[in-house]
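A.B. asks: This structure is in structure tokens; I'll ask about it shortly.
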Amino acid sequence: MFDSGVLIEACQEALKEKAPSLAAKEVLERLMGGQLGSEPFGPVEAGGLTAIHRSDDLTILHVVWAPNMSLYPHDHRMWAVIGVYGGQEDNTFYKRRSAGVGLEMVNGKSLGEKDVVVLGDQVIHSVTNPRRAYTAAIHVYGGDFFATSRSEWASPEAPEQPYSVEGAMKAFADANERAKELLREDA
Ligand SMILES: [Fe+2]
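Heads up, the sequence shown is in my numbering, so the first residue is 1 and it goes up one at a time.
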């Protein structure tokens with residue numbers, strides 16, 4: 001049985017290290033390797049974000065991407081560590097255009113099961129679950145993910161605007177509706 005308290009405690013210890021994001025990466029690698037208990041969570045049946053822990057200096061989220069879901073570009077303004085424990089999460093990274101509005105693509109990285117990556121505090125990314133199945137991950141952030149003001153872009157061509165938690169929740173709700181149809185087609 002997975003004990004989220006063990007994960008929280010290990011991440012809190014990571015914050016005391018000289019390089020907290022790298023220490024948090026090691027924690028998620030241990031989690032993915034089964035060294036912090038068994039499978040983090042049971043079967044997932046809906047996309048969404050669930051806070052496992054939230055404080056001023058640390059947020060731990062259980063993130064489930066709905067089948068074929070995409071989340072528009074956004075930044076975090078704090079380091080993040082992403083560990084995928086089921087499915088696939090494709091990240092596209094951007095930078096602000098030097099002139100005009102919007103973003104230009106820098107590169108991309110596809111994360112599969114048991115992949116763990118660190119994202120720096122300046123990173124701007126969009127995320128896609130390319131599979132017709134749920135993708136499940138643990139995200140660790142070096143700050144209060146919900147209270148920090150940051151930016152989003154409705155598309156790479158769109159102007160920068162304040163990130164909206166409600167907007168992200170709606171993206172998950174819409175993706176869950178579409179997922180029901182996709183999974184019905186596949187049944
Ligand atoms: Fe993100």
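No residue lacks a Cβ here, since even glycine has one placed at the ideal position from N, Cα and C.
This structure is a prediction, so every number in the text was calculated from the model and none was measured.
Whole angstroms is fine: what's the gap from M78's alpha carbon to V123's?
C.D. replies: Between M78 and V123, the C-alpha separation is close to 9 angstroms.
A.B. asks: Looking at the structure shown, is M78 part of a helix, part of a strand, or coil, going by DSSP?
C.D. replies: Coil.
A.B. asks: Could you pull the start and end residues of the alpha helix (DSSP H) that E104 belongs to?
C.D. replies: Element bounds for E104: not the alpha helix (DSSP H) but the beta strand (DSSP E), 103-111.
A.B. asks: What's the call for G142, buried or exposed, on a 16-neighbour Cβ count within 10 Å?
C.D. replies: Buried, since its Cβ has 16 or more Cβ neighbours within 10 Å.
A.B. asks: Which residues end up in the neighbourhood of ligand 1 when you take C-beta atoms closer than 6 angstroms to any of its heavy atoms?
C.D. replies: Result: H74, H76, H125.
A.B. asks: Straight-line CA distance for L61 to A51?
C.D. replies: For L61 and A51, the distance between alpha carbons rounds to 5 angstroms.
A.B. asks: Only counting the same chain, and skipping five residues up and downstream in sequence, which positions put a Cβ closer than 7 angstroms to that of P73?
C.D. replies: Closer than 7 angstroms at Cβ, skipping near neighbours: Y94, L103, I124, H125, S126, E152, W153, P156.
A.B. asks: Can the beta-carbon of V116 be found less than 8 angstroms from the beta-carbon of V81?
C.D. replies: Yes, these two residues count as a Cβ contact at 8 angstroms.
A.B. asks: DSSP three-state label for Q161, please.
C.D. replies: Of the three classes helix, strand and coil, the one that applies to Q161 here is strand, per DSSP.
A.B. asks: Could you say which of R97, R54, G48 lies nearest to E160 if we only look at CA atoms?
C.D. replies: The shortest C-alpha separation from E160 is found at R97.
A.B. asks: Is F93 helix, strand or coil when you go by DSSP?
C.D. replies: Reduced to three states, the DSSP call for F93 is strand.
A.B. asks: With a threshold of 6 angstroms on Cβ separation, who are the neighbours of A179 within its own chain once the five nearest residues in sequence on each side are excluded?
C.D. replies: So the list reads A66, P67, once near-sequence residues are dropped.
A.B. asks: Identify every residue that forms a DSSP beta bridge with A136.
C.D. replies: Its beta-bridge partners are V64, G86.
A.B. asks: Please state whether DSSP places A51 in a helix, a strand or coil.
C.D. replies: Strand at A51.
A.B. asks: Checking 8 angstroms against the spacing of the C-beta atoms, do P43 and Q88 come in under that value?
C.D. replies: For P43 and Q88, no; Cβs fall outside 8 angstroms.
A.B. asks: Hey, out of A136, A133, V140, Y163, whose CA is closest to A147's CA?
C.D. replies: When only C-alpha atoms are compared, the closest one is Y163.
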